[in-house]
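Sequential numbering from 1 applies to the sequence shown in UniProt numbering.
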Amino acid sequence: MLEIPREILDAVIEQAQQGFPLEVCGLMGGAGNRVASRYPMTNTDASNEHFMMDPKEQFAAVKAMRAADEEMLVIYHSHPESPARPSQEDIRLALTPNVCHLIVSLENREEPVAKAFRIAAGVVEAVDIETI
């Protein structure tokens with residue numbers, strides 16, 4: 001179970017809508033299974049099929065999480081035109097252990113769908129999201 005404050009999840013969906021038709025990305029920090037902060041990142045690939053976070057922004061976000069006594073809980077990105085499930089590339093590039101991967105699908109832009117997964121050694125496991 002991943003607990004995400006409603007305002008943080010809404011902000012991620014808004015970021016995805018504003019970034020459409022490109023993928024957007026970012027990180028979330030917190031403790032245990034409860035998200036407390038969001039760090040939107042620049043997709044340096046500027047692509048609608050994949051993302052690459054700006055390393056300087058990533059470093060700053062991790063530093064801010066440490067200062068707030070948080071750990072990285074979530075790596076998120078959007079799928080502008082495909083379902084909220086990890087692509088083969090998402091699975092292949094999921095190299096950060098012990099984080100959830102949140103995917104926001106804008107396949108139907110009127111009804112965005114957000115789903116979370118744990119990905120380890122190529123194995124994908126769905127994670128329930130509770131908005132708080």
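Glycine included, each C-beta is placed from N, C-alpha and C at the ideal position.
Beta-carbon gap between residue i and residue j smaller than 8 angstroms
i: SER78; j: VAL104; result: yes
i: ASN48; j: PRO83; result: no
i: THR131; j: ARG34; result: no
i: MET72; j: GLY29; result: yes
i: LEU106; j: ALA116; result: no
i: ALA31; j: GLU70; result: yes
i: ALA126; j: PRO97; result: no
Of all the alpha helix (DSSP H) runs that stay within the bounds of the UniProt domain "MPN" (1-132), which reach a length of 4 or more residues? The DSSP assignment places 6-19, 55-67 and 88-92 as complete runs of the alpha helix (DSSP H) inside the UniProt domain "MPN" (1-132), in order along the chain (cut-off: 4 residues).
If you pair each beta-carbon of the region 54-73 with each one of the region 13-24, do three or more pairs fall below 8 angstroms? no
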